[in-house]
Structure formats: structure tokens, C-alpha cells
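For reference, the structure is listed below as C-alpha cells.
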Amino acid sequence: MDLVFVLDSSDTVGEALKGAKDLVKDMVKGLKLGPDDSQVALVLFADEVRVEAPFSKNYGVKEFQDIVQSLQSIGSRTRIDKALLKTKEEFEEGRYGAYKIAVVLTDGKQSQDHDSKSLLSSSEPLRNSGVRVIAVGIGAEATKNKLRLMTDSMEDVKMKDEALTYFHELTNNLNQNRCVPPTPKAPAPEVCEDNAKECAAHKSPTYCNTDHAGVNCPKTCELCFRLGLTGKKK
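Using our numbering, the first residue of the sequence shown is number 24, and each one after it goes up by one.
This is how it looks when you write it as C-alpha cells:
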């Protein structure tokens, strides 16, 4: 598994940054890290974006936790869109065939600058590249509805107090049920990407991003049920 933590250090998060750092340290505590096991990286953002811990360093648990503990705020504004782009670039430095997870810890309150992009559109390249995005709400202004725009399902949206249990259950299941190459299936019709009326004619999800498939890691297009198309998910 290749895992990137994407941590919001902006003013809107404020004092919640300390709790978010503790959560990240707890999340990696039970992982087995190494070149042949899981690998971790960390992206810190506010006005700017920094890769504070790249995949190329092959960190052990204690070394990575020390980096997390040392993190400080790097700005006042919240450019989640830039952080998601940098995260996609960091995954390109990861391992071919590894299961990819990005854990984004933020309040989801994107700064409205002249060049800022929506969370839905800025997260789509990352998700379409085969990365599973888990959004974790931190700070007083976090809401699941905002965070949902970055994920493929509401299941992958958690508030801080429920994120650790969910993360450990997910990673344990992935370790016990390795993904295998799937039987290729036809991609989702392109019209479903941006035409809600046509999309409504499709009653069932269909496979579209078949990097891996298995009991615990199906890659499916939610077609008619993705937020932004019909606003609801079955």
C-alpha cells in the first residue's frame, strides 16, 4: 500500500492541527513500513503546498512520526485544490501496482482565490488515477457534506473521532485480502460524467477504473449516484 497523508495547516483549522498530527501518528503506528511493505508520504498545505515526507525516503514508523510531530502551520489560507494536485504528483513517484490511499485531513473550507478550483473538480484527477481518497474532518468548521466532494463515497468521509477505527479496519482488511487483477469490463459511458439526464437512465454501477479488484477493493463508477450528478448515492 502507498499512503499519502494530506494535512491542512491553515488558520481555519487552528488549534485542531495538534489533534490532527496526533491522529496521523496513531494511524501509522500499526503499519508495517518498508520498501516491500507499506510506504508513506506527507503533504502539508495552507497558502502553499509542501511535500514534507516523500515516498523516496522509505520512512520507518518512528522516523515518520517524528516528522509529523515537528510540523507547523505554513500559512493562513486553505488551498485544498493545490494540495490534491501535489498529492497526485507524489503518487506518481510511488510503486506501480500498489494500492493507493490519500488521507486528507481538513475542514474542507477552500479559500476562494481567483485561481481556486472546486473540491469536486480538483479531486477528480486524483481519484481517476486509482487513488482512494479518505476525507477526515478536523476543526470547528468541518462538515461531511463539504468533505464528500473529494471522495467516491460517503463511506470514506469521517470526522476526526471516528477516523482512526475506520482507517485501521480498512488497512487490516487490505492486508488480509490482497487485490488481484480483475476481468476487464467496459468503461462507463462518457456521457455520465457530465449529463445528469442521460446518467439517470443507468440503473446500476459499472466497473470503470480496474486497477485492482477484490472483496475489499472494488473500483466502481457510481455513475448516477456520484455527488454532483444527481446529489444522492445508493
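Just so you know, even glycine gets a beta-carbon here, dropped at the ideal spot from N, CA and C.
About 13 Å separates the beta carbon of residue 172 from that of residue 139, a gap too long to meet the 8 Å contact definition. CA-to-CA, the gap between residue 117 and residue 94 works out to about 23 Å.
For residue 90, the enclosing alpha helix (DSSP H) stretches over residues 84-93. Separation of residue 50 and residue 28 (C-alpha to C-alpha, rounded to the nearest whole angstrom) is 10 Å.
Among the bridge pairs identified by DSSP, residue 28 is matched with 65 and 126. Remark: C-beta atoms of residue 155 and residue 136 do not approach each other more closely than 8 Å. Taken in chain order, the unbroken stretches of beta strand (DSSP E) that lie wholly in the region 131-189 and span 3 residues or more are 154-160 and 180-182.
By DSSP's assignment, residue 73 forms a beta bridge with 67. Within the same chain, and ignoring the five residues on either side of residue 71 in sequence, the residues whose Cβ sits closer than 7 Å to its Cβ are 97 and 98. Residue 56 is bridged by DSSP to 61. Following the DSSP letters along the chain, one finds residue 78 in no alpha helix (DSSP H), marked with neither H nor E. In this structure, residue 91 sits away from residue 56, with a CB-CB distance that is not shorter than 8 Å. Going by C-alpha positions, residue 104 is about 7 Å away from residue 141. Between residue 129 and residue 66, the C-beta gap is not smaller than 8 Å, which leaves the two residues out of contact.
DSSP, reduced to helix, strand and coil, places residue 42 within a helical segment of the structure shown.
Between residue 164 and residue 143, the alpha-carbon positions lie close to 18 Å from each other.
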